[in-house]
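Protein chains in written order, with our numbering: chain A, 2 to 431; chain B, 2 to 431.
One structure is given below, encoded as structure tokens.
There are 2 protein chains.
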Amino acid sequence: MKQIGVAILGFGTVGAGVAKGLLENRDVLRERTGIDIELRRVADLDTTTDRGVALPPGVLGPDAAAAIADPAVDVVVELIGGTGVAKKFVRAALEAGKPVVTANKKLLAECGAELFALAAEKGVDLYFGASVGGGIPIIRALRDGLVGNRIETIYGILNGTCNYILTEMEKAGKPFDEVLADAQKLGFAEADPTLDVDGFDTLHKAAILAALAYGFSPDVHALPVQGIRGVVGARDIAEAKALGYRVKLLAVVKRDDDGLELRVAPTLVPESGMLGSVSGVFNAAMVKSDLDDWTLYYGRGAGRLPTASTVIGDIADVARALAAGTHRPFAVPVSASPVRVKSLGESRSRFYVRLALKDAPGSLAAATAAFAASGVSIRSAVQRGAGEDGFATVVVLTHEAVRSSVDAALGKIASSGVSGAAPVCLGIEG
Amino acid sequence: MKQIGVAILGFGTVGAGVAKGLLENRDVLRERTGIDIELRRVADLDTTTDRGVALPPGVLGPDAAAAIADPAVDVVVELIGGTGVAKKFVRAALEAGKPVVTANKKLLAECGAELFALAAEKGVDLYFGASVGGGIPIIRALRDGLVGNRIETIYGILNGTCNYILTEMEKAGKPFDEVLADAQKLGFAEADPTLDVDGFDTLHKAAILAALAYGFSPDVHALPVQGIRGVVGARDIAEAKALGYRVKLLAVVKRDDDGLELRVAPTLVPESGMLGSVSGVFNAAMVKSDLDDWTLYYGRGAGRLPTASTVIGDIADVARALAAGTHRPFAVPVSASPVRVKSLGESRSRFYVRLALKDAPGSLAAATAAFAASGVSIRSAVQRGAGEDGFATVVVLTHEAVRSSVDAALGKIASSGVSGAAPVCLGIEG
């Protein structure tokens, strides 16, 4: 039986998970791949903290360069994170002709082109399946299962913190701040939750999925992103629920002949559909492709062992290729005909609009006239009795419309003097 | 750019879909794999019927053996079906040293060991990703993404005909026969629906998934199977719904230290969960594994283009290996420690039991005493007023129990003389 030696760089949360998986499931991997994958080196500056994994004697050491150079190491697994030493060691491994597996989304996003070029030059593999989606095989699906499909739509619930918060806000009817504080206590949210709750983590993941689907590198800084903090309130979650929808922080990637929609925003999805059933810290990606129609991939989008599972899947891929004396290159493809990214105003969907209208004759007529004048067709409208502030709540669901037309209608309503607080406008997908 | 030539044997529904996909998405495959995959031969005895796919001139012919022997053909795709000529041609291709992709579940189930052995002897690949799940990458998930995991549970909604019928029975409150007739008119059910509605198709698929997960060949004829015909009525669908459940024809594969549960039966799943949200002809497989926890794979489990999508994914895998001058063997693994399959009586789950009890003092007490005496703990019990027949309906949900204990309780109730029509007993999972 062929033996493949593995070095893990970075003995943190995921590193310890990968070590545990490789050690405890070595027999399973042998049975399924016909290869004996052995953990031979773990490099981390901290060689004393107990990570709850019993490494064989002599495996753990502080010197990553030595681990890479060790002739017993065939595959290098980078789990340090960031773009500093992580990049240095990935380059060193590739230069040494050793394939690399990484879960480093930031490294891939910022240095991907350079590193894929180096891997290609050296004829070795650089795999990154766990960089998006943790334990969910969405990168693998785009690479392998859907390889023969043109991708039309990707919807992603890609951030466990946000999905947990939204699920709890709906269940308990609690405001964002309170649920965030609970999530922080439970370890489901970072002390500084900005990257998660303001949508940037989801956006970075969406950009990588779009790159894989369409062979181009979107400029993340130019993409529309809206998080859940300060945007989604218990009020809209309840209104959506009454109409049969749930609010999810959704990555939307939709292509038509005019170009590509690529954005992140709180979005209504049908409560009884697959996306509406993704709750708590679980994540999912739902893909529409020309041959396979709708497929969905669901699981834990983060966490020590689920992420380790995906990293180990990549290690097994690389090991199978090495054992066959070859490699199986996979890089972000580069399309000959790059796709145009649409502006937010060009995007098309159905919309949920909550208006505060003066409780006076003609208010609703003025609002609906504004939609009509902007070419937005209303599917349903519900008006509730006015509150103490003298404003009635009107919830409008539109038929499919162009975002700029909806914005124009909202502008007309604002300037007509019939409205109170600023309207809430969320897309409806799925 | 490397070129790989493909021959399709069998120009039926899926064959035409694969041809269409390879022809129309050749550019996509080139961009993503760096390989030019060309359809060079299509063999079918019927060379005249229009399948709605325009093949290049000279590609279609009646002679499968000639297609296999053609030096321009590098990969042979078997889409004839059955175990007659299909087996002959698969053997011929492997003998000729050419990798084979097939979607033939029956061939795999009946002749898998022999064909995998031949493929291994000849050093070529035999891929079968579309043999279970159509457009859903569940075989791929077990092979690749979850390769480093011990599989604990697989739940499968694996038959589109049954799921369509159950969904429509719930939506319309119609009886089985009526919905089946509609489904046949719409092309969602065969004229002879036995394989589908009596559960055998689901069982065969479950057996293949269990084989992949545990490295053994279950004896399909010895496994417990219950379909939906004559088992699931509108009544139980409504009772389940009132309790927050849906009835699905579920493949259950569950392993613990005592052995493996492997069965197919109508089963209650939570309405708001992922499995409960799989409706219509869509299918899903949900897997619990030791590292990755729960993952789910959803899509169209059958159909021309979804199945073609998976076949093309396999073709691309084989082409990548061929282009690298190697192969990437994948067979059903053979475990050194085969798992014991439990009897139905040993299986453990929660249960839904609907009883008809005489509307007389002591009936409910006798029934609940029977559960208690058999060691089955009741989670909830609802009694409805008696019907005109003088029997009251009692719906019992149990805590987790052993099936044989529940059967013992039902036996006691039957012999106590308090019950009318035979009870309905369905498992609850998820």
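We treat Cβ as the ideally placed atom computed from N, Cα and C, and that holds for glycine.
Checklist line | N-terminal and C-terminal residue of the beta strand (DSSP E) that L398/B is part of | finding: First-last of the beta strand (DSSP E) with L398/B: 392-399.
Check: Rounded C-beta distance between L269/A and Y246/A? I'm assuming under 8 Å.
Finding: Yes, they are in contact, since the Cβ atoms of L269/A and Y246/A sit about 4 Å apart, within 8 Å.
Checklist line | Residue ranges of each alpha helix (DSSP H) within the segment 191-240 of chain B, 4 or longer | finding: Entirely contained in the segment 191-240 of chain B, the alpha helix (DSSP H) runs reaching 4 residues are, in chain order, 195-198, 201-215.
Note to self: Please confirm whether R31/A has its beta-carbon closer than 7 Å to some beta-carbon of chain B.
What the structure shows: Residue-level contact by beta carbon fails for R31/A and chain B, as no gap is shorter than 7 Å.
Next item on the list: Find the nearest neighbour of G53/A within the set T14/A, V60/A, A44/A, judged by alpha-carbon distance.
Entry: Of the listed residues, the one whose Cα sits closest to G53/A is T14/A.
Note to self: So the candidates are E430/B, G16/B, V60/B, A20/B; which of them puts its Cα closest to the Cα of L251/B?
What the structure shows: Ranking the options by Cα distance to L251/B, first place goes to E430/B.
Checklist line | Candidates A131/A, I238/A, R41/A, of which the one nearest V396/A by Cα | finding: Measuring C-alpha to C-alpha distances from V396/A to each of A131/A, I238/A, R41/A identifies I238/A as the nearest.
Check: Which bits of chain B does Y298/A rub up against, with CB to CB less than 7 Å?
Finding: Neighbours of Y298/A in chain B, taken as residues whose beta carbon is under 7 Å from its own, are Y298 in chain order.
Checklist line | Residue environment, L127/A, which counts as buried when at least 16 other CB atoms sit within 10 Å | finding: L127/A comes out buried.
Note to self: If contact is defined by three or more beta carbon pairs under 8 Å, each pair taking one atom from either stretch, is the segment 341-351 of chain A in contact with the segment 254-262 of chain A?
What the structure shows: These segments touch.
Notebook entry, point to check: To which residues of the same chain is D291/B closer than 7 Å at the C-beta, ignoring the five residues directly before and after it?
Noted result: So the list reads N150, R151, E153, once near-sequence residues are dropped.
Notebook entry, point to check: Among residues of its own chain, excluding the 5 on either side of G281/A, which ones have a beta-carbon nearer than 6 Å to its beta-carbon?
Noted result: Excluding residues within five positions, the ones whose Cβ falls inside 6 Å are Y165, T168.
Checklist line | Cβ neighbours of D293/A in the same chain (closer than 7 Å, five flanking residues each side left out) | finding: Excluding positions up to five away in sequence, the list reads L147, N150.
Checklist line | Length of the line joining the Cα atoms of K107/B and A332/B | finding: If I take the Cα positions, the gap works out to 16 Å.
Check: How many angstroms separate the CA atom of F177/B from the CA atom of G228/B?
Finding: Distance from the CA atom of F177/B to the CA atom of G228/B, rounded to whole angstroms, is 12 Å.
Next item on the list: Note the first and the last residue of the continuous beta strand (DSSP E) segment covering D37/B.
Entry: Residues 36-44.
Notebook entry, point to check: Roughly how many angstroms separate the alpha carbons of G82/A and L210/A, rounded to a whole number?
Noted result: Linking G82/A to L210/A through their CA atoms gives a straight-line distance of about 20 Å.
Item checked: Three-state secondary structure assigned by DSSP to A286/A -> DSSP places A286/A in the strand class (E or B) of the three-state scheme.
Check: Does any residue of chain B bring its CB to less than 7 Å from the CB of I313/A?
Finding: Cβ-Cβ to chain B under 7 Å: yes for I313/A.
Notebook entry, point to check: Using CA coordinates, which residue listed in K413/B, I158/B, R141/B is at the minimum distance from S278/B?
Noted result: Closest in C-alpha terms to S278/B, from the list K413/B, I158/B, R141/B, comes I158/B.
Margin query: To the nearest angstrom, how far is the alpha carbon of A68/B from that of E272/B?
Written below: Near 50 Å, if we compare the C-alpha coordinates of E272/B and A68/B.
Check: Quick one: Cα of L109/B to Cα of L24/A, how far?
Finding: If you draw a straight line from the Cα of L109/B to the Cα of L24/A, it comes to about 33 Å.
Check: If we count Cβ pairs, one from each stretch, closer than 8 Å, do we get three or more for the segment 53-66 of chain B versus the segment 27-45 of chain B?
Finding: Output reads yes: the segment 27-45 of chain B touches the segment 53-66 of chain B.
Note to self: To test your reading of the DSSP string, which unbroken alpha helix (DSSP H) runs of 4 or more residues are found completely within the segment 16-84 of chain A?
What the structure shows: Here the runs fully enclosed are 27-34, 65-70.
Notebook entry, point to check: Where T49/A and S336/B are concerned, what is the direct C-alpha to C-alpha distance, given to the nearest angstrom?
Noted result: Using only the alpha carbons, I get a separation of about 38 Å.
Check: Are the C-beta atoms of L210/A and some chain B residue less than 7 Å apart?
Finding: Contact of L210/A with chain B is not assigned, every C-beta pair being separated by 7 Å or more.
Check: Just to confirm, are I5/B and A320/B a CB contact at a threshold of 7 Å?
Finding: Yes, they are a contact pair.
Check: Would you say S132/A reaches chain B, if we count a Cβ-Cβ gap shorter than 7 Å as a contact?
Finding: S132/A is outside the set of residues whose beta carbon lies under 7 Å from a beta carbon in chain B.
Next item on the list: Assuming L224/A contacts A208/A (C-beta within less than 8 Å), just tell me the rounded distance between them.
Entry: Indeed, because the Cβ distance is near 7 Å, the residues count as touching under 8 Å.
Margin query: Using 8 Å as the cut-off, can you tell me whether the segment 91-98 of chain A makes contact with the segment 118-134 of chain A, which would need three or more C-beta pairs spanning the two stretches below that distance?
Written below: The segment 91-98 of chain A is in contact with the segment 118-134 of chain A.
Check: When Cβ atoms are compared, which residues of the segment 119-144 of chain A fall closer than 7 Å to chain B?
Finding: For chain B, the residues of the segment 119-144 of chain A that bring a beta carbon within less than 7 Å of one of its beta carbons are G136, I137, P138, R141, A142, in chain order.
Next item on the list: Find the residues of chain A that neighbour T327/B, judging by a C-beta separation of less than 7 Å, and give them in chain order.
Entry: Neighbours of T327/B on chain A, chain order: A325, G326, T327.
Checklist line | Enclosing beta strand (DSSP E) for V425/B [first to last residue] | finding: Its beta strand (DSSP E) spans residues 425-429.
Notebook entry, point to check: Can you pull the DSSP bridge partners for I166/A?
Noted result: The partner list for I166/A (beta bridge, DSSP) is empty, contrary to what the question assumes.
Next item on the list: Assign K359/B to one of two classes, buried (16 or more other C-beta atoms within 10 Å of its C-beta) or exposed (fewer than that).
Entry: By the neighbour-count rule (16 or more Cβ atoms within 10 Å), K359/B is buried.
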